[in-house]
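Okay, so here's the structure we're looking at.
Protein chains: 2
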Amino acid sequence: MTQPCTEHKECISKAMREGERVCQDNDQRFTAVRRRVLEIIWETHKPIKAYDILEKLSDSAGKPPTVYRALNFLLGNGLVHKINTLNAYIGCTHPREHAQCFFIICKVCGTATECCNSALNGIIQETAKKHNFTNYTASLEIQGVCEACANSPPS
Amino acid sequence: MTQPCTEHKECISKAMREGERVCQDNDQRFTAVRRRVLEIIWETHKPIKAYDILEKLSDSAGKPPTVYRALNFLLGNGLVHKINTLNAYIGCTHPREHAQCFFIICKVCGTATECCNSALNGIIQETAKKHNFTNYTASLEIQGVCEACANSPPS
DNA sequence: TCGATAGTGTTATACTATAACATTAATAAA
DNA sequence: TTTATTAATGTTATAGTATAACACTATCGA
Ligand SMILES: [Zn+2]
Ligand SMILES: [Zn+2]
Ligand SMILES: [Zn+2]
Ligand SMILES: [Zn+2]
C-alpha cells in the first residue's frame, strides 16, 4: 500500500478552502459537482484519471461531460493541473502563486510532486526569449524513481 | 499555406540516412513500414497525429496497430519524439546526440522546434537530485507564439 | 415575474491507443 | 535445402480519452 498522508484530511480541507477563495476572487461559482470533483482529486493525492473520477461520482452525475467540464473549470482556475504524460489530473498545492507547475513523478509508486522553482522558470524564460517566443506556458514532467521506491526491496 | 522548408528534401533524406544508421547501430531492421512512417513524419515537418499518418499510408498498411507499432519502434530508437501536449509525433533532428528532447511549439502555426540546451539539462538534473529521484527522463514542452506569427497581421 | 445566462443532464460520437491472434517474412539451425 | 525459430505485419476487435450537440434546470439581475 502507499503510505497514507498523515495530514490528509487537512490537505483536502485546505484545498477546498483554496477552491472557495479562488472562485470568489475570479467571480466563479464553486458548484456541487466542481466541489466534489476537486475533493475526489485530493482524496487520492496522486494523479487520477478522468474516468476514475467518474466512477467515484454518484450515478446521477456520472457521465463523461460532467467530469470533463468540472476538470476544465478547475484547470482554468488553476486549482488542478493535468499531467500530460499520464493523461491524469492532480490538485495544485498552491494555486494563485503561479501560472504553471512542474512535476516530478515516480514511475513506481505514482506520486507526483510539484517541483516548481525559480531557476527552472528562469531558464525556460531564457529559452523562450532566445527563440523569440512570446506569451508562453510550459509543461515540465520529470519521471523517475523516488528515493523510497529505489530503496524498497524488489518483490 | 505553410511556408515550405527550402531544404526540405534534404531534411527528409538526412533523416532517412540517420534512420538507416541508427538501426544498423542498434541491430534493428529498418523495414518498409518503418521507413515510410518516418518519411511521412518528416514530410510535414510539424507534429503529426497518428491517424493522420494512417491516412497517408497505402490502404494495405493503413490500420492503427501498424502505425503505432512503427511509431513505438521509432520512438524507442530515438528517431521520433512524442509531443504529449498535442498527442502528436515529430522527427528528431539529432538522434544519437541525446536521450531526451525539449520542444518549443507555436500555438498559431504549429511548428515545433527542439530547444534542448545544457542549462536546461543541468537544472533538471539538479531538480531530480534535490528530490532524490534517480533514473529519470524529462518532458518539456513550451507553448507560445513564434516571432513570425506574432508579427503577422491579424486576419 | 420575467428574461438572460451559466451550469448540468443526456445521448451520441470523435479521437487515441492497445490486445489478441492469424499470417508472413527473415534468420538461424539441422 | 529443408526446417525450426523468431521478428514483423495484417486483421479484427475493443479499450481508453475527450468533446459535440441539444434539452433542461438553476441562478441572478432587471
Ligand atoms: Zn500548482
Ligand atoms: Zn516511488
Ligand atoms: Zn531529438
Ligand atoms: Zn508560429
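Same order as they appear, the protein sequences are chains A and B. Numbered continuously in this note's numbering, the first sequence closes out at residue 155. Numbered continuously in this note's numbering, the second sequence closes out at residue 1155. Even glycine gets a Cβ: it sits at the ideal position worked out from N, Cα and C. The structure displayed is predicted, hence computed values, not measured ones.
For residue j and residue i, the rounded distance between their alpha carbons
i: Asn26/A; j: Asn77/A; result: 8 Å
i: Leu1079/B; j: Leu1038/B; result: 8 Å
i: Ala1112/B; j: Ala1119/B; result: 20 Å
i: Ser1058/B; j: Thr1031/B; result: 15 Å
i: Ala1138/B; j: Arg36/A; result: 32 Å
i: Glu1010/B; j: Glu1020/B; result: 15 Å
i: Gln1028/B; j: Arg1069/B; result: 14 Å
i: Lys14/A; j: His1131/B; result: 24 Å
i: Thr66/A; j: Arg96/A; result: 25 Å
i: Cys1023/B; j: His94/A; result: 46 Å
i: Lys129/A; j: Pro1064/B; result: 39 Å
i: Met166/A; j: Asp52/A; result: Given a span of 1 to 155 for chain A in the structure shown, any question on residue 166/A remains unanswerable.
i: Phe133/A; j: Ser1060/B; result: 42 Å
i: Ser1152/B; j: Ser152/A; result: 56 Å
Where the alpha helix (DSSP H) containing residue i begins and where it ends
i: Ile1123/B; result: Ser1118 to Lys1130
i: Lys63/A; result: Segment: none, Lys63/A is in no alpha helix (DSSP H) and carries neither H nor E.
i: Gly1019/B; result: His1008 to Asn1026
i: Lys82/A; result: Not the alpha helix (DSSP H): Lys82/A falls in the beta strand (DSSP E), residues Val80 to Ile83.
i: Lys1046/B; result: Taken as a continuous stretch (DSSP letters only), Lys1046/B belongs to no alpha helix (DSSP H), as it is neither H nor E.
Residue i and residue j closer than 8 Å at C-beta
i: Ala148/A; j: Cys109/A; result: yes
i: Leu74/A; j: Arg34/A; result: yes
i: Leu1175/B; j: Pro1047/B; result: Outside the displayed span of chain B (1001 to 1155) sits residue 1175/B, for which this structure offers no information.
i: Ile83/A; j: Glu141/A; result: yes
i: Gly62/A; j: Asn1135/B; result: no
i: Glu1043/B; j: Ile1012/B; result: yes
i: Ile104/A; j: Thr1127/B; result: yes
i: Cys116/A; j: His98/A; result: yes
Nonlocal neighbours in the same chain, by C-beta distance under 6 Å from residue i, ignoring five residues either side
i: His81/A; result: Ile90, Cys92 and Cys101
i: Cys146/A; result: Cys106
i: Met1/A; result: With a pLDDT of 41 at Met1/A, under the threshold of 50, the modelled position of this residue cannot be trusted, and the question is left open.
Where the beta strand (DSSP E) through residue i begins and ends
i: Phe102/A; result: Phe102 to Cys106
i: Thr1137/B; result: Thr1134 to Val1145
i: Ala1088/B; result: Ala1088 to Gly1091
i: Thr113/A; result: Ala112 to Glu114
Contacts around residue i, its chain only, beta-carbon distance under 7 Å, and the 5 residues preceding and following it disregarded
i: Lys49/A; result: Asn87 and Ala88
Any non-hydrogen atom of ligand 5 within 7 Å of residue i CB
i: Cys1011/B; result: This structure lacks ligand 5; its bound ligands are ligand 1, ligand 2, ligand 3 and ligand 4.
Would you call the region 117-131 of chain A in contact with the region 1006-1015 of chain B, where contact means no fewer than 3 C-beta pairs closer than 8 Å? The region 117-131 of chain A vs the region 1006-1015 of chain B: no contact.
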